[in-house]
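Mapped onto the numbering used here, the consecutive letters of the sequence shown carry residue numbers 65 to 184.
We put the beta carbon where it would ideally sit given N, CA and C, even for glycine.
None of these values were measured; they are calculated from a predicted model.
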Amino acid sequence: MEYFVSYYDYYQPEAYVPSSDTFIEKDASVNEHIEQMRLSATKALLERRDVVVVASVSAIYGLGDPDLYLKMMLHLTVGMLIDQRAILRRLAELQYTRNDQAFQRGTFRVRGEGDRHLPG
65 MEYFVSYYDY
75 YQPEAYVPSS
85 DTFIEKDASV
95 NEHIEQMRLS
105 ATKALLERRD
115 VVVVASVSAI
125 YGLGDPDLYL
135 KMMLHLTVGM
145 LIDQRAILRR
155 LAELQYTRND
165 QAFQRGTFRV
175 RGEGDRHLPG
C-alpha cells in the first residue's frame, strides 16, 4: 500500500486584496517525508501491478506523463561498471547540483574516484 497525498505542510496561494492594494505572494512548505512517499507510490505504479495507492484527488493533478517520468530515472546496480563522467553529466541533466560541501536533497558530491548523491 502506498500513499499519494499533497506534500505541503503549508500552502498559501497568491492573492490580491483590493481594499489595501496588497499583493500576497504564493508561499509553501513541502514535507520531505510525504514527498518521499509520493515518489515511492509513483515508482511502485510504474514497476508493479499489485499496488494499492491511497490518494487525494487534488494530489494527482499535474502528475505528468509516465514515459517522461521513466526517462528522468537513473538506474544503477551494485557492481555495475560505469563511467564517472557520464554519471556526472546525467546527474546534471536530471537537475542535480554539484555541491561538495553541503550534502542535501537534490545535490551530488564527488570525492576521489567515487561520488555520492542524495535522491529526489
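Rounded straight-line distance, which links the Cα of R102 to that of Y71: The count along the sequence shown starts at 1 and reaches residue 71 at position 7. The count along the sequence shown starts at 1 and reaches residue 102 at position 38. Straight-line Cα distance between these residues: approximately 8 Å.
- request: Specify, as a first and last residue, the run of the beta strand (DSSP E) that A92 falls within.
  value: Counted from its first residue, the sequence shown places residue 92 at position 28. It spans D91 to V94 - the beta strand (DSSP E) in which A92 sits, taken as one unbroken run.
- prompt: What's the C-alpha gap between L145 and A92?
  reply: Sequence index remark: in the sequence shown, residue 145 carries index 81 (1-based). Sequence index remark: in the sequence shown, residue 92 carries index 28 (1-based). For L145 and A92, the distance between alpha carbons rounds to 41 Å.
- prompt: How would you call A105, buried or exposed, if buried means at least 16 neighbouring beta carbons within 10 angstroms?
  reply: If you number the sequence shown from 1, residue 105 lands on position 41. A105 should be labelled buried.
- request: Check whether the Cβ atoms of E66 and V121 sit closer than 8 Å, and answer yes or no.
  value: Along the sequence shown, read from residue 1 onward, the residue named residue 66 stands at position 2. Along the sequence shown, read from residue 1 onward, the residue named residue 121 stands at position 57. The answer is no: Cβ separation not under 8 Å.
message: For a test of the three-state rule: what should DSSP assign to Y80, helix, strand or coil?
response: Reading the sequence shown from its first residue, position 16 is the one you call residue 80. Looking at Y80 - three-state DSSP - the assignment turns out to be strand.
- request: Would you check if the distance between the CB atom of P130 and the CB atom of L110 is smaller than 8 Å?
  value: Taking the first residue of the sequence shown as 1, we reach residue 130 at position 66. Taking the first residue of the sequence shown as 1, we reach residue 110 at position 46. Yes, the pair counts as a contact, with Cβ atoms nearer than the cut-off.
message: Which residue wins for smallest C-alpha separation from L155, given the options M136, D164, P82 and E89?
response: Here residue 155 refers to the residue found at position 91 of the sequence shown. Comparing Cα positions, the closest option is M136.
field: Presumed contact (8 Å Cβ cut-off) between R175 and F167, rounded CB distance
entry: For the purposes of this step, residue 175 is taken as residue 111 along the sequence shown, with counting starting at 1. For the purposes of this step, residue 167 is taken as residue 103 along the sequence shown, with counting starting at 1. Incorrect: roughly 10 Å between the Cβ atoms, too far for contact.
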